[in-house]
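Working notes, beginning with the structure itself.
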Amino acid sequence: MASVTENTPASYKLELMTAYGPVFRDVLRQPPRDCAPSEVPIIDLSGIWGDLESRRALAATVREAAENTGFFYIRNHGIPQEVIEAAFTQTKRFFAQGDEEKRAVSTARSRWFNGWVEKHGTQASPSETRDYREGFGWRYDPRYDPDPKDLGAVPEDIKPWIRGEEFVWDGTGHLPDFKRDVIAYWQECLKLARRMIRIFALALDLPETYFDSIVTYPGADGVLNYYPKNEEGADAPIDVGLGAHTDLQCFTFLWQDSVGGLQVLTKEGEWIKVPPVKDTFVVNIGDFLMRLSNDRFKSTVHRVFNHAPVDRYSMPIFFGFNFNEKCSVLPSCTSESNPAKYEPITCGEDSTGTLQYSNVVIFTPVSNTHAHLPILDHSLFFSPQSFFLTLTTLTTQHTNIKQATSSPVIDLNTKASPTHPPYPQHQVATAKMDISDSFRIVNIVVAVIMILGGISQFFPLGFQSIIIGCYVILFGAGTPMKPTATGLLEFQIPPQVSRYASFLFSFIGRGAFYIFVGCILLDGHVLRIIAGSIVGLVGVCYAVLEFIPSIEPPANMREADAGWGAEQV
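Quick look at the structure:
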């Protein structure tokens, strides 16, 4: 009789989410092994501050690592140890809080996936469990750029991509020096990243300043990660800390504590351990740099398991180009025999999934008891980029997850056809359907009715009727209706206000307001009765929704929303 071992396949299919649909990698069924020095080398970065010849020598070393596994360590990186330690202390302090305190900065409050993600709040790979980790993410904000910026001079095509949100710092203001220490760490990493992109330029046979003009407002997102300790025993099966994925932008700096757990998938289908090395950062290539290099540099699949009986923490920083810049495959990476495999695209389009896999439909939020699926934006977070958000998350009800049955299946281990370029082993699909649009339509209709009802108040003319009419028109054009289809008025409530004055940011508040305006409109004229009745009934419906636990106000009612072409201001 055949043994169990004889009947078990030597490998399994690992499913990865990409912009082209699900792709699969063959993975060997064997425990992760230790990495060899040649697979994840330790590179001395001190040459980055040397002369041009020193920088060229460093670039040659980086090139070799980037073309191999796409992972390497850096030491002598120049980031002060006291800055790292301060950020590490703040990371532990933040995650030591109760969930109620952390929920004050939940990504549910964010338009751009800034903030806290709870345990099992993401699922990076459909082949693995939900991610047993918590994260706190933030996006690039020119106010904190170590290269000082004139905020009034930010280019118009950059502004829509500035997605930092102050609520993550306001909501952590009770933690002494949290904002100061975390931003200081991010700033040091950003300064190093701008030097490092020059080394990558040299490594790609380009002038070292080749990328300087497109990292002025970079995709530079940060995440603090917490992987709870393993309480099941060393050999017990546990949930993955962060599922298999690739990072989205150009490269990632990862500081990890002494616990370990990072694993990288080799091209042979083996998981290898990338353990902590004292006084180093791990650097890995992201999808966008792989794309620009025509697959010369490798964006490699990786994941995290925390098998240790102690908590694990990490602090990745993701770095990419200005999101508005359209980039082509680099001229140094193509030839007659090796033409460009990719069309020009902006880093923002790539990161937010403009090449999205349209057959996947995901309905967003609606409950505090929900399943979560990853979409991309960077920054796991996580789009916040892999995640770490760089994977970002969508909250969905279990019953609202639908996937087309005609989805193509891509096996990365098979050869691409001559008529279709190989599918890249990266990018997270971001297709979604947001109920915010439904509420936006309702609010637009109510706004139009308010305006018409306000105009009707002018007849017959009278001091009181004119005042009431003007107020109702203003209400319809602005406050209760923040973004409108015709752009009547668009504004964003300052965080200092929205933190305390949230009257219109809830179903009950908005419902009460609509009922109030509806009552004002109700009068003897038939048009006023119709307008007032419609506005009032919508208000009653909103008030009822407050008591339905499976539905919560969408983002466009919590804050001014950038949907339908409106810009964040």
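Residue 338 in full-length UniProt numbering sits at position 338 of the sequence shown, with consecutive numbering throughout.
Yeah, the Cβ is synthetic: ideal placement off N, Cα and C, and Gly gets one too.
Under a Cβ-count criterion, where at least 16 other Cβ atoms within 10 Å of its own Cβ denotes burial, should residue i be classed as buried or exposed?
i, result
"histidine 77", "buried"
"glycine 50", "exposed"
"residue 598", "Nothing about residue 598 can be reported from this structure: the residues present for the chain run from 1 to 569 only."
"arginine 303", "buried"
"leucine 461", "exposed"
"serine 337", "exposed"
"lysine 298", "buried"
"proline 22", "buried"
"leucine 151", "exposed"
"threonine 390", "Low confidence applies here, because threonine 390 scores a pLDDT of 35, under 50, leaving its location unreliable and the question unanswered by this model."
"alanine 184", "buried"
"isoleucine 466", "exposed"
"arginine 180", "exposed"
"alanine 447", "buried"
"phenylalanine 463", "exposed"
"aspartate 147", "exposed"
"threonine 347", "What sits at residue 347 in the sequence shown is cysteine, not threonine. Cysteine 347 comes out buried."
"serine 125", "buried"
"cysteine 519", "exposed"
"glutamate 325", "buried"
Let me check understanding here. Comparing Cα to Cα, which of the options lies closest to residue i?
i, options, result
"glycine 320", "Ile515, Ala153, Trp161", "Trp161"
"proline 176", "Arg93, Pro155, Ile473, Asp141", "Arg93"
"serine 11", "Gln30, Val23, Met17, Ile214", "Gln30"
"proline 237", "Ala86, Asp150, Tyr132", "Tyr132"
"cysteine 189", "Val544, His525, Glu325, Met315", "Met315"
"phenylalanine 200", "Leu292, Val540, Glu101", "Leu292"
"leucine 52", "Glu156, Arg198, Phe463", "Arg198"
"phenylalanine 72", "Glu85, Asp239, Gly233, Thr300", "Thr300"
"alanine 234", "Gly469, Val215, Gly261, Ala220", "Gly261"
"lysine 13", "Pro275, Val472, Glu270, Phe547", "Glu270"
"residue 576", "Arg143, Asp145, Ser258, Leu58", "Outside the modelled stretch of the chain, which goes from 1 to 569, sits residue 576, for which no answer is possible."
"tryptophan 116", "Tyr226, Tyr471, Glu546, Phe463", "Tyr226"
"phenylalanine 178", "Lys149, Val83, Ser335", "Val83"
If you check the beta carbons only, do residue i and residue j fall under 7 Å apart?
i, j, result
"threonine 61", "isoleucine 43", "yes"
"threonine 107", "tyrosine 313", "no"
"glutamate 128", "glycine 243", "yes"
"arginine 163", "arginine 139", "yes"
"phenylalanine 211", "glutamine 249", "no"
"isoleucine 272", "tyrosine 217", "no"
"isoleucine 317", "glycine 222", "yes"
"proline 276", "glutamine 256", "yes"
"asparagine 114", "valine 168", "yes"
"cysteine 35", "valine 274", "yes"
"asparagine 294", "valine 329", "yes"
Quick one: measure Cβ to Cβ for residue i and residue j, integer angstroms, because I've assumed they're closer than 8 Å.
i, j, result
"phenylalanine 251", "isoleucine 285", "6 Å"
"glutamate 166", "tryptophan 112", "Rounded, the Cβ-Cβ distance is 12 Å, inconsistent with contact."
"leucine 224", "phenylalanine 305", "In fact, because the Cβ distance is near 19 Å, the residues do not count as touching under 8 Å."
"glycine 511", "glycine 539", "5 Å"
"phenylalanine 507", "leucine 537", "Incorrect: roughly 14 Å between the Cβ atoms, too far for contact."
"valine 517", "valine 445", "At roughly 14 Å, the Cβ-Cβ gap does not stay under 8 Å, so valine 517 and valine 445 are not in contact."
"isoleucine 74", "threonine 280", "6 Å"
"valine 215", "phenylalanine 253", "Going by Cβ atoms, the distance from valine 215 to phenylalanine 253 rounds to 14 Å, so no, they are not a contact pair."
> With a cut-off of 8 Å, do at least 3 Cβ pairs link the region 532-541 to the region 444-457?
Replying inline: Taking a cut-off of 8 Å for Cβ pairs, the region 532-541 and the region 444-457 touch, as three or more such pairs fall below it.
>> Is it the case that the region 105-125 contacts the region 195-209, given that we only count it when at least three CB pairs across the two stretches are under 8 Å?
In response: The region 195-209 makes no contact with the region 105-125: fewer than 3 CB pairs, one atom from each, lie closer than 8 Å.
>> Using a Cβ distance threshold of 8 Å, determine whether the region 336-349 contacts the region 298-310, with at least three qualifying pairs required.
In response: Cβ pair count under 8 Å is below three, so no.
>> For the region 262-270 against the region 30-40, do three or more pairs of beta-carbon atoms, one drawn from each stretch, fall closer than 8 Å, so that the two count as touching?
In response: Judged by Cβ distances under 8 Å, the region 262-270 makes contact with the region 30-40, as three or more pairs qualify.
> Can at least three beta-carbon pairs, one atom from the region 101-120 and one from the region 179-189, be found at a separation below 8 Å?
Replying inline: The region 101-120 vs the region 179-189: no contact.
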